[in-house]
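In what follows, a single structure is set out as structure tokens and then discussed.
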Amino acid sequence: MLDIQLGPSDGCGTVADMALHLGDIAPDFIARSTAGEISFHAWAGDSWVVLFSHPADFTPVCTTELGRVAQLKDEWDRRGVKPIALSVDSTEDHEAWRPQIESFSSASVTYPIIADEDRAVASLYDMIHPGEGDTSSVRSVFVIDPAKKVRLSITYPKSVGRNFDEILRAVDALQTTDRSAVSTPVDWRAGERIIVPPTVPTDEARERFDDVEEFYPYLRTARIREEVGA
Ligand code: BEZ
Numbered sequence: 001m002l003d004i005q006l007g008p009s010d011g012c013g014t015v016a017d018m019a020l021h022l023g024d025i026a027p028d029f030i031a032r033s034t035a036g037e038i039s040f041h042a043w044a045g046d047s048w049v050v051l052f053s054h055p056a057d058f059t060p061v062c063t064t065e066l067g068r069v070a071q072l073k074d075e076w077d078r079r080g081v082k083p084i085a086l087s088v089d090s091t092e093d094h095e096a097w098r099p100q101i102e103s104f105s106s107a108s109v110t111y112p113i114i115a116d117e118d119r120a121v122a123s124l125y126d127m128i129h130p131g132e133g134d135t136s137s138v139r140s141v142f143v144i145d146p147a148k149k150v151r152l153s154i155t156y157p158k159s160v161g162r163n164f165d166e167i168l169r170a171v172d173a174l175q176t177t178d179r180s181a182v183s184t185p186v187d188w189r190a191g192e193r194i195i196v197p198p199t200v201p202t203d204e205a206r207e208r209f210d211d212v213e214e215f216y217p218y219l220r221t222a223r224i225r226e227e228v229g230a
């Protein structure tokens, strides 16, 4: 059994039926992985983390997904993100599968894969959805910030591979909105026009941002001003 530290309960429900919400502290845990025993918060350190689960080793969709995460190593690094995978298989299975992922993707799997054989972490993060066939984990993703807050979560069914370019795009948006106190519009990509928060008067927006455009009083876009020396 793993050592799991849970946040305080409000007394209204058991731990098992308390959903993990955006803004919550990501629960800490200690688990076996391909990188040895991991104490999650200590391992995360000051980095952003993308914790993602897959249903099973030696399966086709999962092989493509873990290979894609490996191929994107430079992109994770550039954003200060540590990816970490999880399934309910053993470390022995993860290690035996890894060369196949690497051969398929032509990339090295340098991130850890958690071996959650007793489903302790998967249960903690609500990654087991029995309606999806069995008690293996579905395709969950949690983006966790350096303060250990859950900032984004998505859940995909077992039959549908995720788009990790979208996860990178969302990390770019989270980091930009944190840095500049703005929002990002539909399909935004790094460097594109941002949304001025409705709480900022247009006069003030013109001082803070470049090229402010007002479509409606509540919908204004602008460019983030480049910092001198950035
Ligand atoms: C897959 O990775 O292909 C897969 C794994 C479990 C259930 C369905 C698909």
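My numbering numbers the first residue of the sequence shown as 1 and each following residue consecutively.
Ideal placement from N, C-alpha and C gives every residue a C-beta, glycine not left out.
Given the structure is predicted, the values throughout are model-derived calculations rather than measurements.
| Query | Result |
| --- | --- |
| Report yes if the C-beta distance between residue 81 and residue 171 is below 8 Å; otherwise report no. | yes |
| Give the single residue among 22, 111, 169, 90 whose Cα lies nearest to the Cα of residue 79. | 169 |
| Using only Cβ atoms and a threshold of 6 Å, which residues come within that distance of a heavy atom of the ligand BEZ? Order them by chain position. | 55, 56, 59, 60, 61, 62, 158, 159 |
| From the DSSP secondary-structure annotation, give me the bridge partner or partners of residue 152. | 143 |
| Indicate the three-state DSSP secondary structure (helix, strand or coil) for residue 210 in the structure shown. | strand |
| Identify, in the order they occur along the chain, each residue of the same chain with its Cβ nearer than 7 Å to the Cβ of residue 141, setting aside the five sequence neighbours on each side. | 50, 52, 153, 154, 162, 167 |
| Quick one: residues in its chain with C-beta nearer than 6 Å to the C-beta of residue 216, no 5 flanking neighbours on either side, listed in chain order? | none |
| With a CB to CB cut of under 7 Å and the five nearest residues on each side skipped, what residues in its chain are close to residue 75? | 168 |
| What does the alpha-carbon distance come out to for the pair residue 205 and residue 219? | 12 Å |
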